[in-house]
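S.K.: One structure, as structure tokens, below. Some questions next.
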Amino acid sequence: MSYCRQEGKDRIIFVTKEDHEAPSNAELIADDPNDPYEEQGLILPNGDINWNCPCLGGMASGPCGSQFKEAFSCFHYSKEEVKGSECIDHFRNMQECMQKFPELYPQEDEKENAPQKESDSASTAPLDNAASSPDTPTEGPEAS
Amino acid sequence: EVPAAEEVPASKPSSATFPSHVPYLLIGGGTASFAAARSIRARDPNAKVLIVTEEPDLPYMRPPLSKELWFSDDSSVTETLRFKQWNGKERSIYFQPPSFYIKAEELGSSENGGVAVLTGRKVVHMDVRGNKIKMDDGSEISYDKCLIATGGIPRNLQVIERAGEEVMKRTTLFRKIEDFKALDKVSRNVKSITIIGGGFLGSELACALGRKSSEFGLEVVQMFPEKGNMGKVLPEYLSNWTTERVKREGVKIISEALVKSVSFIDDELEITLKDGRVVKTDHIVSAVGLEPNVDLAKSAGLEVDSDFGGYRVNAELQARSNIWVAGDAACFYDIRLGRRRVEHHDHAVVSGRLAGENMTGTSKPYWHQSMFWSDLGPDVGYEAIGIVDSSLPTVGVFAKATAKDTPKAAAEQSGTGIRSESETEDTATSPVASTSPATVVEHKDDYGKGVIFYLRDKVVVGIVLWNVFNRMPVARKIIKDGEEHADLNEVAKLFNIHED
Chain A
61 MSYCRQEGKD RIIFVTKEDH EAPSNAELIA DDPNDPYEEQ GLILPNGDIN WNCPCLGGMA
121 SGPCGSQFKE AFSCFHYSKE EVKGSECIDH FRNMQECMQK FPELYPQEDE KENAPQKESD
181 SASTAPLDNA ASSPDTPTEG PEAS
Chain B
3 EVPAAEEVPA SKPSSATFPS HVPYLLIGGG TASFAAARSI RARDPNAKVL IVTEEPDLPY
63 MRPPLSKELW FSDDSSVTET LRFKQWNGKE RSIYFQPPSF YIKAEELGSS ENGGVAVLTG
123 RKVVHMDVRG NKIKMDDGSE ISYDKCLIAT GGIPRNLQVI ERAGEEVMKR TTLFRKIEDF
183 KALDKVSRNV KSITIIGGGF LGSELACALG RKSSEFGLEV VQMFPEKGNM GKVLPEYLSN
243 WTTERVKREG VKIISEALVK SVSFIDDELE ITLKDGRVVK TDHIVSAVGL EPNVDLAKSA
303 GLEVDSDFGG YRVNAELQAR SNIWVAGDAA CFYDIRLGRR RVEHHDHAVV SGRLAGENMT
363 GTSKPYWHQS MFWSDLGPDV GYEAIGIVDS SLPTVGVFAK ATAKDTPKAA AEQSGTGIRS
423 ESETEDTATS PVASTSPATV VEHKDDYGKG VIFYLRDKVV VGIVLWNVFN RMPVARKIIK
483 DGEEHADLNE VAKLFNIHED
């Protein structure tokens, strides 16, 4: 049973699991998915990519940001049967750029063989998170 | 356009050349500034961003300076400034390594733009009409858009400032990397440290030092005017409960303590309280608040808020045309909660990101409510959002605690590291269900886990999630709705406080 007491202006309620079993009757206002004020996920309501999504970490803003954006945009809008097949050059540019900054963009095999040396803000970890989100492509052409 | 480069040795960054004009100028090199830089670059391809900071360091995050860095097993932590999170993942306090940034002198010519940082430079004058700033060496930089993210400097007690050289040099005002390094050194070389202040910083440092106390043979004292730790944030019953936990971390608590004077006598500091008690100690950490840095207000003709301090900005964080303010120094209009100024890490990220976005042409108001958190030892952790002021009436709904309900357990389960990351950098992953049976803690008034609502005119304006984690989106939603709820126990149900 729940137990309740008042200490001055502060009310304290202790509840058991059973007390909270029945669904809540508290009313929440329905969210507007097109609310321009709201923080957006990776994909905006109009279908564009939200480069400012925290889930991307530093990918769109770092030294290889432009290359990343070109490659990812190309993939995102690709209508080819093999999605992103026309984007190989962009992804190659991106790879070449990233190889110049191993600190920021640890390469795949380094990640597997050695403990991750650098923080995950700029590394592929944010992309891992992006991949697990339903709005993003889970496999880019570079994963083949 | 780019001034003729002088031959400068690489080790003297203060002589580095820089462009005389930048499109985006960010004054201050902390969390808000870094978040803005990232936001600008994300939205404006090839943007050229220059950060000017007084500090010698590249942008870094502050929360670990009073928490994780103290718990590190690595003896070289004061050099590496890296720490291992609960889940074993290591990271640096620096947001990005040096290779992320480009050199200031390359900013003008860089095709893809970039973020450059000028360290060790103070901006001393702002000419709003001319859209330019002047630095302490006399040089000027003009801008198209400017962000002021100058944070603040720690306050000190007047009695300490008046107490003379010998007391002042044994007093730490804690905010920066150099303060962390200095305090670490002090903690290994003295017998007693006294922390003055019972808020977030004071309590976190007390707990961090308390844990070291047996290792170093160190006495850790914490004193403050309130009745308990976090007395201005948590309702009294919870503040008292927290204080007991802080004591268990090895801290000697002196509550309801008002400092009357401090002297240096017989090679020791003597703190005399107004009620006559005397505390002898070797070193003081003064954690009594932050003074927002509004040095540029006069020259720039910017408004300073008399209630909250800081530069006064609108809901879109703009002070005047082409000038935005974010982070600790911004007194902004929160369209849901009213005008306020917030001194938390996540707010610096959220406001910095928003200001950066608006600097690239949008006009979005502050809407996504930032959160904050504190861990006081392995057993007490909470996350909070909105206006969390203990002078407001509160309603707390608690469940019986189990051994699983600790910040450590939550982080291990959810696979996230420090909470600052889960809210601002990565997307939080959902917790993995634990298969071990729960041990139930039997005490009737044990505030193991729960949710506390702070009310203003019957509307929930603040929420503390007490040892329940990964529920922030629900809390944020309730604040955003701003509705009157007849029965807060029903609202509490939305948090599933009995689950993991």
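Quick mapping for you: the protein sequence lines, in order, are chains A and B. According to my numbering, the first sequence is numbered sequentially starting from 61. According to my numbering, the second sequence is numbered sequentially starting from 3. Beta carbons are placed, not taken as given, at the ideal position from N, Cα and C, and that holds for glycine.
#1: Please name the residue, chosen from B:His285, B:Ile387, B:Leu27, that lies closest to B:Gly188 on a Cα-to-Cα basis.
#2: Under 7 angstroms, CB to CB, which of the residues in the stretch 114 to 141 of chain A have a partner in chain B?
#3: Under the three-state reduction of DSSP, which class applies to B:His127: helix, strand or coil?
#4: Roughly how many angstroms separate the alpha carbons of B:Thr437 and B:His500, rounded to a whole number?
#5: Go through its chain and collect everything with a Cβ distance to B:Ala34's Cβ below 7 angstroms, but skip five positions before and after it.
#6: Should B:Glu2 go down as buried or exposed, given a rule of 16 or more other Cβ atoms within 10 Å for buried?
#7: To the nearest angstrom, how far is the alpha carbon of A:Gly101 from that of A:Cys115?
#8: What did DSSP end up calling B:Leu220 once you bin it into helix, strand or coil?
#9: Going along chain A in order, which residues have a C-beta closer than 9 angstroms to the C-beta of B:Arg342?
#10: Our contact map puts B:Ser392 next to B:Lys234 with C-beta atoms below 8 angstroms; I'd like the distance itself, whole angstroms only.
#11: Just the C-alpha distance for B:Ile29 and B:Arg341, rounded to the nearest angstrom, thanks.
#12: Between the beta-carbon of B:Thr274 and the beta-carbon of B:Ser257, is there less than 9 angstroms?
#13: Where does A:Ser84 sit, in a helix, a strand or coil, going by DSSP?
#14: Start and end of the alpha helix (DSSP H) containing B:Pro475?
#15: Quick one: any contact between the stretch 69 to 82 of chain B and the stretch 143 to 158 of chain B, if contact means 3 or more CB pairs under 8 angstroms?
#16: Starting from the C-beta of B:His445, find all residues in its chain whose C-beta is less than 8 angstroms away, skip the five residues before and the five after it, and write them out in chain order.
#17: In angstroms with no decimal places, state the Cα-to-Cα distance between A:Glu99 and B:Lys479.
#18: I'd like to know if A:Phe151 contacts chain B, where contact means its C-beta is closer than 9 angstroms to some C-beta of that chain.
#19: In the DSSP output, what is B:Phe266 paired with across the bridge?
#20: Would you verify that the beta carbon of A:Pro166 is, or is not, closer than 9 angstroms to some beta carbon of chain B?
#21: Smallest Cα separation from B:Ser241: which of B:Val476, B:Val466, B:Trp369?
#22: Compute the Euclidean distance between the alpha carbons of B:Gly140 and B:His23, then round it to the nearest angstrom.
#23: What number of angstroms, rounded off, separates the C-alpha of B:Val434 from the C-alpha of B:Asn472?
#24: Examine the Cβ distances between the stretch 78 to 88 of chain A and the stretch 448 to 464 of chain B and report whether three or more of them are shorter than 8 angstroms.
#25: For B:Asp46, count neighbouring C-beta atoms within 10 Å of its own C-beta (all shown protein chains included) and say buried if the count is 16 or more, exposed if not.
#26: I want to verify the contact list: residues of chain C whose CB lies under 8 angstroms from the CB of A:Asp70, in sequence order.
#27: With a cut-off of 9 angstroms, does the C-beta of A:Ile89 fall near any C-beta of chain B?
#28: Is B:Glu206 buried or exposed, if buried means 16 or more other CB atoms sit within 10 Å of its CB?
#29: Hey, is the stretch 37 to 51 of chain B in contact with the stretch 353 to 368 of chain B, meaning 3+ C-beta pairs nearer than 8 angstroms?
#30: Tell me B:Tyr456's beta-bridge partners as DSSP assigns them.
#31: Indicate whether B:Leu83 and B:Tyr62 have their beta-carbon atoms separated by less than 9 angstroms.
#32: Residues of chain B with a CB under 9 angstroms from the CB of A:Asn112: which are they?
#33: Where A:Ile9 and B:Arg131 are concerned, what is the direct C-alpha to C-alpha distance, given to the nearest angstrom?
#34: For a quick check, are the C-beta atoms of A:Lys139 and A:Trp111 less than 9 angstroms apart?
#35: Can you give the beta carbon distance from B:Ala334 to B:Val306, rounded, assuming they're within the 8 angstroms contact cut?
#36: Three or more C-beta pairs under 8 angstroms: does that hold for the stretch 153 to 162 of chain B against the stretch 170 to 178 of chain B?
M.R.: Short version:
#1: Note that residue 188 of chain B corresponds to Val in the displayed sequence, not to Gly. When each option's Cα is compared against that of B:Val188, the closest is B:His285.
#2: Pro114, Cys115, Gly117, Gly118, Ala120, Ser121, Gly122, Pro123, Gly125, Ser126, Lys129
#3: strand
#4: Note that B:Thr437 has pLDDT 37, beneath the 50 cutoff, so the model's placement of it is unreliable and no number is given.
#5: Ala151, Ala328, Gly329, Ala350, Ser353, Gly354
#6: Residue 2 of chain B lies beyond the residue range present for chain B, which begins at 3 and ends at 502; the question has no answer from this structure.
#7: 8 angstroms
#8: coil
#9: Result: empty, since nearest Cβ-Cβ is about 17 angstroms, beyond 9 angstroms.
#10: 6 angstroms
#11: 23 angstroms
#12: no
#13: coil
#14: 474 to 483
#15: no
#16: Bear in mind that a pLDDT of 44 at B:His445, under 50, signals an unreliable position, so the number given afterwards is only what the model happens to contain. Nothing meets the Cβ criterion.
#17: 13 angstroms
#18: no
#19: B:Leu271
#20: no
#21: B:Val466
#22: 15 angstroms
#23: Unreliable placement is indicated for B:Val434, whose pLDDT of 34 sits below 50; the coordinate value is still reported in the next sentence. About 12 angstroms.
#24: no
#25: buried
#26: The structure shown contains no chain C; the protein chains it does contain are A and B.
#27: yes
#28: buried
#29: yes
#30: B:Thr396, B:Gly464
#31: yes
#32: Arg40, Ser41, Ala44, Arg45, Arg355, Gly358, Glu359
#33: Not covered by the structure: residue 9 of chain A. The range shown for chain A is 61 to 204.
#34: no
#35: Contrary to the premise, residue 334 of chain B reads as Phe rather than Ala in this sequence. In fact, because the Cβ distance is near 13 angstroms, the residues do not count as touching under 8 angstroms.
#36: yes
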